[in-house]
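Residue numbers (the UniProt record's numbering): 1 to 316.
This is how it looks when you write it as structure tokens:
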């Protein structure tokens with residue numbers, strides 16, 4: 001039976017195909033530059049055969065999907081055969097990204113190094129998926145290296161300082177609680193938006209983080225107070241029904257009304273990391289608080305003064 005007669009439109013449907021049918025589907029999709037089908041193949045691979053498998057986050061899947069949706073049209077218009085790419089095609093795509101203007105709202109200049117790295121990682125994952133599907137053994141990005149941004153992230157997007165206390169009085173109860181969870185409890189905004197009443201036990205919050213990891217973080221008095229002002233929205237005890245875009249819209253609006261620059265919820269999380277480091281001088285404790293697997297990651301969340309050790313070396 002021709003595989004064209006079998007409609008497939010879910011990740012699970014591709015994951016459950018036999019090896020032969022999966023290969024045929026992947027080859028057909030690549031030959032036709034069929035982006036939606038190639039995204040499904042990618043998702044099937046990521047959720048069943050990658051290192052994290054079913055625990056691959058939706059954020060990662062979404063980011064890699066955007067990368068594939070960008071790469072496939074470029075490959076087609078640039079004469080790149082997806083199954084038999086030239087040895088220089090990976091470098092060509094990287095060069096294309098490095099010279100492309102950013103499409104971010106209110107931004108100018110070229111694509112950020114982090115965006116280029118994310119797109120390249122997504123296309124690498126696509127070729128691992130095509131290899132998994134036995135459609136090709138090509139790895140055109142195997143020798144492609146994305147230069148890191150020489151400007152540290154803590155410099156490009158520093159933590160909020162006085163802005164947090166300045167805008168909080170102008171926030172409604174849900175937005176104030178969300179900012180407290182990010183800026184005082186150190187949560188990622190995705191973690192904060194998923195907080196439920198049952199996650200709060202006295203002065204401690206159980207956080208369901210990236211990769212299915214669970215950690216417990218202490219809640220300060222102001223954060224606990226902010227949560228008591230919220231009402232649960234459903235039987236599950238959720239406090240928020242916003243997605244990332246809706247939360248960002250509300251926060252951006254309040255920051256603008258207060259004359260403050262909005263730098264995203266990540267700057268609020270860096271605010272908590274920086275304050276905790278100033279109090280403890282211990283990157284390990286800060287990393288545990290923020291839910292980092294590596295202290296090297298934590299260092300990128302902490303703004304350290306240039307003269308941080310001036311007193312220590314004064315009498316040397």
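Where is the CB? At the ideal position from N, CA and C, for every residue including glycine.
Candidates the options: which alpha carbon is nearest residue i's?
{"i": "residue 58", "options": "155, 11 and 184", "result": "11"}
{"i": "residue 254", "options": "316, 98 and 164", "result": "164"}
{"i": "residue 204", "options": "190, 212, 223 and 188", "result": "223"}
{"i": "residue 50", "options": "131, 29 and 120", "result": "131"}
{"i": "residue 321", "options": "69, 76 and 284", "result": "There is simply no residue 321 to check, as the chain begins at 1 and stops at 316 in what is shown."}
{"i": "residue 305", "options": "230, 292, 155 and 60", "result": "155"}
{"i": "residue 86", "options": "195, 302 and 136", "result": "136"}
{"i": "residue 272", "options": "314, 173 and 161", "result": "161"}
{"i": "residue 149", "options": "202, 307, 300 and 281", "result": "300"}
{"i": "residue 229", "options": "166, 241, 240 and 174", "result": "174"}
{"i": "residue 260", "options": "159, 279, 73 and 245", "result": "159"}
{"i": "residue 169", "options": "24, 112, 81 and 258", "result": "258"}
Rounded to the nearest angstrom, how far is the Cβ of residue i from that of residue j, given a contact under 8 angstroms?
{"i": "residue 118", "j": "residue 183", "result": "Between residue 183 and residue 118 the Cβ distance is about 25 angstroms, and since that is not below 8 angstroms, they are no contact."}
{"i": "residue 200", "j": "residue 207", "result": "Incorrect: roughly 11 angstroms between the Cβ atoms, too far for contact."}
{"i": "residue 298", "j": "residue 286", "result": "5 angstroms"}
{"i": "residue 89", "j": "residue 140", "result": "5 angstroms"}
Helix or strand or just coil, what does DSSP make of residue i?
{"i": "residue 196", "result": "strand"}
{"i": "residue 298", "result": "helix"}
{"i": "residue 231", "result": "coil"}
{"i": "residue 305", "result": "coil"}
{"i": "residue 120", "result": "helix"}
{"i": "residue 20", "result": "helix"}
{"i": "residue 215", "result": "strand"}
{"i": "residue 208", "result": "strand"}
{"i": "residue 139", "result": "coil"}
{"i": "residue 69", "result": "helix"}
{"i": "residue 201", "result": "strand"}
Looking at the C-beta of residue i, does it have a partner C-beta in chain D at a distance below 8 angstroms?
{"i": "residue 71", "result": "Of the protein chains in the structure, only one exists, and it is not chain D."}
Is the beta carbon of residue i within less than 7 angstroms of some heavy atom of the ligand GDP?
{"i": "residue 64", "result": "For the ligand GDP, the structure offers nothing, since it holds no ligand at all."}
Within its chain, find whatever has a CB closer than 6 angstroms to the CB of residue i; leave out the 5 residues flanking it on each side and keep chain order.
{"i": "residue 188", "result": "none"}
{"i": "residue 220", "result": "184"}
{"i": "residue 29", "result": "37 and 38"}
{"i": "residue 226", "result": "176, 177 and 180"}
Ignore the nearest five residues each way along the sequence and tell me which others in residue i's own chain have a CB closer than 7 angstroms to its CB.
{"i": "residue 115", "result": "none"}
{"i": "residue 128", "result": "45"}
{"i": "residue 194", "result": "208"}
Leaving out the 5 sequence neighbours to the left and right, which residues in its chain are closer than 8 angstroms to residue i when beta-carbon positions are compared?
{"i": "residue 65", "result": "39, 42, 43 and 122"}
Would the segment 168-184 and the segment 251-268 be scored as touching if the rule is three or more Cβ pairs under 8 angstroms? Flag = yes, the segment 168-184 and the segment 251-268 touch.
At least three beta-carbon pairs within less than 8 angstroms, the segment 88-99 to the segment 36-49: Flag = no, the segment 88-99 and the segment 36-49 do not touch.
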